[in-house]
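Here's the structure, in structure tokens; my notes come after.
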Amino acid sequence: MGDDVGLYEEMMSRGLIAQVTDERVAEILDGSSISAYIGFDPSADSLHVGHLVQIFNLRRLQEHGHRPIAVAGGGTGLIGDPSGKSEERNLLDSEVLSQNLIKIRAQLSRFLDFDCGESSALVLNNADWLGKISLIDYLRDVAKHFSVNQMVAKDSVKSRLNEREQGISFTEFSYMLLQSYDFLHLFDNFACRLQMGASDQWGNITSGIELIRKMRQQAAYGLTTPLVLKADGTKFGKSESGTIWIDPEKTSPYQFYQFFLRAEDEVVGGYLRSFTWIGEDELSELDLATAEQASKRLAQSALAEAVTEIVHGPEMARKVQVAARALFSEDILSLSPDVLEMAIEDAPVHYVSADALARGVGVVDLFYAAGLANSKSESRKVIAQGGAYVNNSRVSDIEASVSSGDLIVGGVVLLRRGKKDYVVVRVRG
RNA sequence: GGGUCGGUGUCCGAGUGGCCAAAGGAAGCAGACUGUAAAUCUGCCGGCUCAGCCUACGGGGGUUCGAAUCCCUCCCGGCCCA
């Protein structure tokens with residue numbers, strides 16, 4: 172970052188630009204202050220790492236003197252964007268949605284500056300304007316400008332139309348009109364001339380630009396970023412277990428850190444560029460490190476540290492780093508009490524009564540109760556397969572039990588499933 | 001509203017009266033090898049009081065010694081027609 176390089180060039184060199192609607196986008200980004208917006212889908216109660224790219228883009232805009240506008244789609248969220256979706260979505264009810272919105276706005280706020288004069292950020296809810304427009308007005312003034320023929324040709328719609336088994340409802344079909352209207356509204360009220368988004372938003376963005384051109388005879392612009400994919404080629408936020416949330420309640424900072432630390436070689440470079448502010452020089456050093464001494468995993472460490480710091484703060488970043496090191500050291504028993512304490516501070520805790528522990532608790536029950544297995548059957552299987560550890564030593568006997576004698580420094584028992592899932596057992600009472 | 005095809009485990013998808021907790025694939029989980037990577041290999045992959053039992057093939061009802069499979073009905077979806 173910094174002012175020596177233009178915003179467009181910076182984004183380009185980081186590989187953050189997939190497409191622009193017009194070459195003039197470069198001039199606009201590097202020119203005098205404008206307003207630009209990105210929409211966020213409030214279908215979950217937290218943003219996840221996939222959103223980070225867009226959040227950072229808003230921040231980039233701000234750093235270069237532009238006004239970033241984040242639109243949390245309270246209105247569009249009720250409808251559902253068909254882009255990239257192979258099937259009709261379940262509609263969210265408005266109560267859930269408004270809860271989600273509150274949380275998402277709070278999260279966005281952490282990354283943007285709301286008090287820096289002209290370029291102060293805005294977080295808006297499109298329900299504020301979409302909720303007001305009447306059906307007749309909508310059909311006369313907005314929908315009139317859309318050709319069904321063109322809409323049908325858009326990829327997001329076409330794929331659903333061609334699918335034998337899956338159709339598309341009119342509700343989702345008309346989603347595009349709502350997002351287009353958002354852009355128009357922002358153009359009118361906030362002089363917003365640029366919309367950014369992930370590349371799957373291309374169709375929605377261009378149709379907004381068209382609407383503005385038709386209704387106001389003025390130019391607006393769009394820019395998309397490449398979708399940042401996981402190493403297996405899927406999007407972030409797809410499977411429920413694989414989603415890395417920004418909310419520490421949903422994904423603990425420890426897990427968050429671990430996710431990035433475990434990034435595959437093929438994707439670290441891209442992640443570093445998308446998810447951190449690390450500059451050119453360091454980036455090329457890290458690329459080199461990955462190429463030449465991959466086993467040191469310097470890029471992964473730098474990535475994990477940097478992202479965790481941005482999202483969860485420097486203090487937390489340090490903590491989880493210590494935890495990671497301590498928990499992966501072979502001899503947990505030799506750790507000093509305070510290092511151990513720090514290491515397990517962030518781990519989930521399971522309490523057992525002193526009585527029960529004195530009598531001894533079966534490992535199968537313990538792993539299940541501690542949440543390390545979803546059922547006792549699963550617990551049994553994991554143990555039998557050698558994936559269960561008590562105080563870092565493997566327990567493969569289903570009949571084994573844990574008792575007071577297993578308490579280590581600090582009066583805890585450390586349970587582990589597989590390589591990375593820890594639960595701390597503490598005595599209650 | 002009519003016709004027609006379909007609704008199977010996390011997902012895709014086979015199964016068309018018993019041999020079905022249900023082929024195959026993907027995802028996931030554990031192990032081995034590594035670098036807390038990838039690839040590869042092995043095992044697991046509904047639940048429980050675990051050599052047995054219970055719950056499951058959209059919901060409900062029925063036929064049958066026996067049904068994911070046949071019949072009725074309802075719900076949901078695709079396509080065609082109105």
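For the working numbering, add 171 to where a residue sits in the first sequence, where the first one is 1.
Backbone N, C-alpha and C fix where the C-beta goes; we use that ideal spot for every residue, glycine too.
- Note: Phe211 is bridge-paired with Ala243 in the DSSP secondary-structure output.
- For the pair Val294 and Glu198, the Cα-to-Cα distance works out to about 25 Å.
- The residues Thr395, in chain order, have a CB closer than 6 Å to that of Gln190 in the same chain once the five nearest residues on each side in sequence are set aside.
- By alpha-carbon distance to Tyr425, the top candidate from Tyr593, Ser546, Gly236 is Tyr593.
- Collapsing the DSSP output to three states places Val224 in a helix.
- Contact annotation, Phe538 with Ala475: C-beta distance approximately 27 Å; criterion of less than 8 Å not satisfied.
- The shortest CA-to-CA distance from Asp252 to any of Gly441, Val399, Asn375, Tyr560 is the one to Asn375.
- In the structure shown, Trp416 adopts extended strand secondary structure according to DSSP, grouped into three states.
- Taking the C-beta atoms as reference points, Val491 is found nearer than 9 Å to Asp517.
- For Gln366, the enclosing beta strand (DSSP E) has its first and last residue at 363-369.
- The beta carbon of Phe211 sits closer than 8 Å to the beta carbons of Leu218, His222, Gln225, Ala241, Val242, Ala243, Gly244, Ile275, Leu279 from its chain, once the five residues preceding and following it are set aside; these are given in chain order.
- Restricting attention to Val561, Gln471, Val267, the CA atom closest to the CA of Ile503 is found in Val561.
- Counting along the chain, Arg597 sits inside the beta strand (DSSP E) bounded by residues 592-599.
- Gly393 has its alpha-carbon roughly 10 Å from the corresponding atom of Glu194.
- If the five residues before and after Asp201 are omitted, its C-beta is found closer than 7 Å to the C-beta atoms of Gly177, Leu178, Tyr179, all from its own chain and listed in chain order.
- In the DSSP annotation of this structure, Leu283 is not part of any beta strand (DSSP E), being labelled neither H nor E.
- The Cβ-Cβ distance between Ile307 and Tyr352 does not fall below 9 Å.
- Looking at the DSSP output, Leu357 shares a beta bridge with no other residue.
- With contacts defined by Cβ atoms closer than 9 Å, Arg238 and Ser203 do not form a contacting pair.
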